[in-house]
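Residue numbers (our numbering), protein chains in the order written: chain A, 1 to 237; chain B, 1 to 237; chain C, 1 to 227; chain D, 1 to 227.
C-beta: ideal position from N, C-alpha, C; glycine also.
Inspection log for the structure reproduced underneath, given as structure tokens.
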Amino acid sequence: MKIGDCAKRISAQDAVNMIQNGDRLLVGGFGICGTPFTLIDVIAESDHARELTIISNNLGETGKGLGKLLISKHIKKAIGSYFTTNRDAVKAWNKGELEIELIPQGTLAEAIRAGGAGIAGFYTKTGVGTKLAEGKEEREFDGETYLFIRGIRAKIALIKADKADTMGNLVYAKTARNFNPMMATAADLVIAEVDDIVEAGMLDPEQIVTPHVYVDYIVQNDRYEKMGGEYVERGKH
Amino acid sequence: MKIGDCAKRISAQDAVNMIQNGDRLLVGGFGICGTPFTLIDVIAESDHARELTIISNNLGETGKGLGKLLISKHIKKAIGSYFTTNRDAVKAWNKGELEIELIPQGTLAEAIRAGGAGIAGFYTKTGVGTKLAEGKEEREFDGETYLFIRGIRAKIALIKADKADTMGNLVYAKTARNFNPMMATAADLVIAEVDDIVEAGMLDPEQIVTPHVYVDYIVQNDRYEKMGGEYVERGKH
Amino acid sequence: MLSAANIDPSFIKNRIAKRVAKELHAGSVVNLGIGIPSLIPNFLDSKSQVYLQSENGLLGMGPTPPKEQIDMDLISASKQPVTLGIGSSVFSSADSFAMIRGGHIDIAVMGALQISEKGEIANWSVPGKDILGVGGAMDLVASAQKIIIAMTHATKDHVPKIIQRLTYPMSGIRTADVIVTDKAVFKIKNDSFILEEMAADSSLDEIKRLTDAHFTVSKNLQTMLID
Amino acid sequence: MLSAANIDPSFIKNRIAKRVAKELHAGSVVNLGIGIPSLIPNFLDSKSQVYLQSENGLLGMGPTPPKEQIDMDLISASKQPVTLGIGSSVFSSADSFAMIRGGHIDIAVMGALQISEKGEIANWSVPGKDILGVGGAMDLVASAQKIIIAMTHATKDHVPKIIQRLTYPMSGIRTADVIVTDKAVFKIKNDSFILEEMAADSSLDEIKRLTDAHFTVSKNLQTMLID
């Protein structure tokens with residue numbers, strides 16, 4: 001299959017058009033590492049996809065990545081592990097403009113994996129005895145207390161990979177992998193933003209992290225390029 | 001670190017000496033694909049490690065891999081998903097010489113992953129309404145019934161990888177990966193049999209499947225070599 | 001016309017496999033069980049874009065290799081040597097069943113010992129015999145998006161396998177969607193069996209005789225396409 | 001002798017980091033939290049064989065790269081650019097926390113806002129302030145084999161941080177094993193605090209004044225090694 005014939009490839013605009021007001025989205029990334037920058041920018045420019053619930057470890061950084069959607073007021077609720085360092089998130093929360101649900105990072109990662117793996121829920125020791133355990137079912141196993149956590153799924157996942165092949169197999173760049181592989185499994189519709197698309201057969205079967213079955217659409221990251229190790233907007237450097 | 005200086009490397013005999021009568025072992029492999037042949041052969045020849053409980057998808061094949069430990073009468077109980085095709089297992093079971101606990105293959109894989117990942121237990125739809133659900137807790141989520149499954153751990157795991165580096169990082173060969181990566185996480189003592197040992201730094205960080213933290217000892221598979229695509233005993237061909 | 005008694009078993013099995021192959025549309029991710037389902041790849045065009053998942057940790061299973069290319073580190077769930085198709089990937093058993101359990105397999109094709117008239121599946125154990133193997137059958141029954149049963153219509157002794165109530169242990173509460181036998185194709189909708197196709201060498205009388213279950217005949221009953 | 005008031009904050013932080021570094025034995029797998037713990041790599045010999053795990057998906061974190069080698073696809077959990085040490089591996093957040101939750105991290109070094117005299121840890125939230133971040137703190141508290149707390153002995157306003165009962169929200173029911181401050185090293189055994197080392201520029205009186213908790217003084221009380 002030639003790269004031009006990649007049936008899963010669509011434009012960022014076509015991808016964002018699939019998002020509707022009030023949707024629940026999984027968005028990959030740790031801070032802004034492994035973030036679908038182009039897709040986020042197109043959401044920020046759109047008006048049909050507001051009141052979003054975003055499940056992501058952070059809301060990017062202040063003014064970057066998902067941070068842009070705070071400024072553009074697209075986010076109603078954020079579910080994740082760490083929002084303190086994004087001062088726009090703190091401000092929006094203080095003004096009552098943003099709901100926040102805090103989940104320990106490992107519990108978040110495992111809950112998304114469970115959501116994609118047909119696991120209704122699981123028991124973890126993380127968080128026992130803390131404020132984040134309030135309202136959660138506790139259960140003892142072998143003399144230790146565990147919390148029950150439900151799997152997490154969303155309607156749409158926006159993830160970021162380094163490369164896709166034309167079938168939709170994905171590989172990631174170093175720690176930009178983070179939450180992306182689990183999110184690829186846990187949504188009804190999965191859109192992968194990638195820096196490069198290669199022909200099917202070019203990726204080593206042993207190195208593929210996300211098999212193509214998980215990926216519905218591929219979007220080329222055409223607004224950002226890596227310069228000096230950082231993603232910068234094309235034409236803005 | 002030079003290969004000769006690999007601190008984790010021990011002989012198969014020294015590895016097997018760590019196993020005690022009545023121990024509970026995780027053993028990698030699907031049939032005889034991805035099986036620690038050398039370690040199993042040394043157990044078969046030993047007399048201090050009988051009455052074993054073996055957790056493995058199968059008991060190898062008749063007379064091969066774990067099948068040898070049936071002939072040498074080292075196994076008291078087998079926990080796995082499919083024993084029908086090993087006629088020695090069927091015979092031993094009929095004679096009351098072998099206990100068998102049957103677990104659906106996916107539930108087995110997930111339970112071992114849970115055991116290694118600090119997950120006390122999880123809910124799966126697999127097996128609901130069947131004989132294998134008898135005695136298991138049922139619970140409804142979103143109108144569907146799930147079974148509760150506890151995580152599985154063992155004292156020792158014997159796994160098979162293709163290559164180790166001198167630190168103990170592992171990569172696997174194609175479908176010989178199967179249960180090995182999860183088993184590497186779910187035992188107090190993990191012994192990895194490998195075909196090759198390479199210097200640390202030779203394996204791509206993105207391609208390592210089992211990080212060294214999981215591996216206590218490395219044993220070179222020195223009794224078998226691959227000939228015509230199959231593992232055959234050295235000197236017996 | 002051939003009478004059933006004269007048809008050799010491999011002819012029957014291949015007929016079933018051939019008919020099931022037509023149900024596998026381009027782009028679908030399919031898990032094939034042991035037995036008759038394992039014959040299906042022989043009837044898939046190499047350009048069919050049907051992606052075969054093998055539960056031991058492989059997506060994109062290619063055909064059986066020639067003898068000199070056999071690598072027993074690369075096998076199917078039936079433990080037969082296979083190859084890596086273009087765009088294939090390998091992964092652990094945990095990741096493989098995460099894929100299955102998570103509902104990412106479009107179609108599972110499996111054999112069966114019995115099917116109830118509601119579509120309940122018995123395909124792992126025979127009462128009174130040893131219960132020593134289940135494999136991935138229950139995971140696939142519980143979680144594949146669509147289940148196609150590929151089996152002979154009756155036993156060698158002409159005992160119906162499609163029956164009112166299962167007498168063998170069932171494999172899960174999920175029911176089958178399509179049943180393909182050497183005599184007929186049934187679809188199951190809202191817990192009821194509908195005869196959609198009939199083999200040219202069979203008859204409604206024969207199918208009724210060999211089926212101990214209620215079924216309706218589709219208004220659009222077709223001749224089973226087997227070539 | 002320097003008085004505490006004259007010591008600049010980075011000197012204090014480095015002292016703590018330096019002392020903690022001595023607790024990290026060869027072969028151990030260590031997760032370092034943000035703040036003071038992140039200074040520890042500066043005091044580890046490159047041949048120390050201490051393997052740094054970063055919860056965003058990296059084992060074998062190497063030092064900060066020179067500016068021209070920075071790759072923001074390779075960062076620590078503190079979101080700082082790092083490098084890949086020899087024998088390092090990268091993995092997903094789920095695999096990273098499977099490693100943490102499964103008890104495969106030998107030592108977690110973390111900062112704290114308060115430690116109770118039983119060793120309970122408060123290090124994620126301040127009452128009355130926004131509860132908007134927890135990160136991986138609770139996972140590490142729940143599951144690391146050994147927990148070392150690296151923190152200043154008291155707040156900037158000389159308010160004790162080691163106190164009888166936590167007033168800040170706790171991070172888990174697991175307690176700390178070792179507390180390293182700029183004044184002292186405590187070990188916690190059977191729910192009781194033991195003063196093991198005291199800084200040369202401190203005194204038992206000062207430590208008692210700045211510690212609002214019961215502790216015993218070890219018979220082998222040593223001078224804290226901070227060369």
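> For Arg139 of chain A, which beta-bridge partners are listed by DSSP?
Replying inline: A:Tyr146
> Along chain D, in chain order, which residues have C-beta atoms closer than 8 Å to that of Leu170 of chain A?
Replying inline: Under the 8 Å cutoff, chain D gives no residues; its nearest Cβ is about 12 Å from Leu170 of chain A.
>> What ranges does the alpha helix (DSSP H) occupy inside the stretch 116-178 of chain D, keeping only unbroken runs of at least 4 residues that lie completely in it?
In response: 137-143
>> For Ala161 of chain A, list the residues DSSP reports as bridge partners.
In response: A:Val194
> Which residues in chain C sit within 8 Å of Ala89 of chain B, going by Cβ to Cβ distance?
Replying inline: Leu132
> Who are the neighbours of Ser56 of chain A on chain D, taking C-beta pairs under 8 Å?
Replying inline: Result: empty, since nearest Cβ-Cβ is about 11 Å, beyond 8 Å.
> Is there a Cβ from chain B that is less than 8 Å from the Cβ of Asp73 of chain C?
Replying inline: yes
>> Quick check on the DSSP output: the alpha helix (DSSP H) that includes Phe83 of chain B runs from which residue to which?
In response: Unbroken run through Phe83 of chain B: none, as it is neither H nor E.
>> Pull the bridge partners of Arg24 of chain A from the DSSP assignment, please.
In response: A:Thr53
> Per DSSP, Ile194 of chain D is paired with what?
Replying inline: D:Lys187 and D:Thr216
> chain B partners of Val29 of chain D, CB-CB under 7 Å?
Replying inline: Val213
>> Once DSSP output is grouped into helix, strand and coil, what is the label at Arg209 of chain C?
In response: helix
> Straight-line CA distance for Asn58 of chain A to Lys91 of chain A?
Replying inline: 15 Å
> Rounded to the nearest angstrom, how far is the Cβ of Leu59 of chain C from that of Val213 of chain A, given a contact under 8 Å?
Replying inline: 6 Å
> Is Glu206 of chain B close to chain D, meaning its C-beta is less than 8 Å from at least one C-beta of that chain?
Replying inline: yes
> What residues in its chain sit with their C-beta under 7 Å from that of Val209 of chain B, if we drop five residues either side in the sequence?
Replying inline: Leu170, Val171, Tyr172, Arg177 and Pro181
>> For the pair the stretch 220-231 of chain A and the stretch 69-81 of chain D, tell me if three or more CB-CB distances fall below 8 Å.
In response: yes
>> Using a Cβ-Cβ distance cut-off of 8 Å, determine whether Gly172 of chain D contacts chain A.
In response: yes
>> Quick check: what's the CA-CA separation for Glu117 of chain C versus Glu140 of chain A?
In response: 43 Å
> How many whole angstroms separate the CB atoms of Gly87 of chain C and Ala200 of chain A, which I take to be in contact at a CB cut-off of 8 Å?
Replying inline: 4 Å
> Apart from the five residues on each side of it in sequence, which residues of its chain come closer than 6 Å, Cβ to Cβ, to Val178 of chain C?
Replying inline: Ile148 and Lys187
>> Taking the alpha carbon of Arg19 of chain C as the reference point, which residue from C:Ile194, C:Lys208, C:Thr152 and C:Gly119 has its own alpha carbon closest?
In response: C:Thr152
>> Assuming the contact rule is C-beta atoms closer than 8 Å, Ile9 of chain B and Ile149 of chain B should be a hit. Round their C-beta distance to whole Å, please.
In response: A small fix is needed here, since residue 9 of chain B is Arg in this sequence, not Ile. Actually they are not in contact, since the Cβ atoms of Arg9 of chain B and Ile149 of chain B sit about 36 Å apart, beyond 8 Å.
> Among D:Ile194, D:Trp124, D:Thr181 and D:Val217, which one has its Cα closest to the Cα of Ile34 of chain D?
Replying inline: D:Trp124
>> Out of A:Asp222, A:Pro205, A:Ala7 and A:Leu102, which one is the CA nearest neighbour of Met61 of chain C?
In response: A:Pro205
>> Just to confirm the assignment, what range does the alpha helix (DSSP H) spanning Lys8 of chain A have?
In response: Run containing Lys8 of chain A: none; DSSP gives neither H nor E here.
>> At the level of alpha carbons, what is the spacing between Ser143 of chain C and Gly102 of chain C?
In response: 7 Å
>> So if I threshold CB-CB distances at 7 Å, which residues from the stretch 180-202 of chain A count as touching chain C?
In response: Thr185, Ala200 and Gly201
> Between Ser218 of chain D and the rest of its own chain, which residues show a CB-CB distance below 7 Å, the 5 nearest in sequence each way excluded?
Replying inline: Ile194, Leu195 and Glu196
> Any contact of the stretch 161-174 of chain D with the stretch 42-52 of chain D, i.e. 3+ C-beta pairs under 8 Å?
Replying inline: no
>> So with CB distances below 8 Å, who are the chain C contacts of Asp165 of chain A?
In response: Gly87
>> Tell me which residues share the same chain as Tyr242 of chain A and place their Cβ nearer than 8 Å to its Cβ, disregarding the 5 neighbours each side in the sequence.
In response: There is simply no residue 242 of chain A to check, as chain A begins at 1 and stops at 237 in what is shown.
>> For Glu144 of chain B, which residues in the same chain have their Cβ closer than 7 Å to its Cβ, ignoring the five residues on either side in sequence?
In response: Lys125
>> Between the alpha carbons of Tyr217 of chain A and Asn56 of chain C, how many angstroms are there, rounded?
In response: 27 Å
>> Out of C:Ile115, C:Ile131 and C:Leu39, which one is the CA nearest neighbour of Asp212 of chain C?
In response: C:Ile115
>> Does the stretch 42-53 of chain A come into contact with the stretch 10-17 of chain B, if we say contact requires no fewer than three beta-carbon pairs (one atom in each stretch) closer than 8 Å?
In response: no
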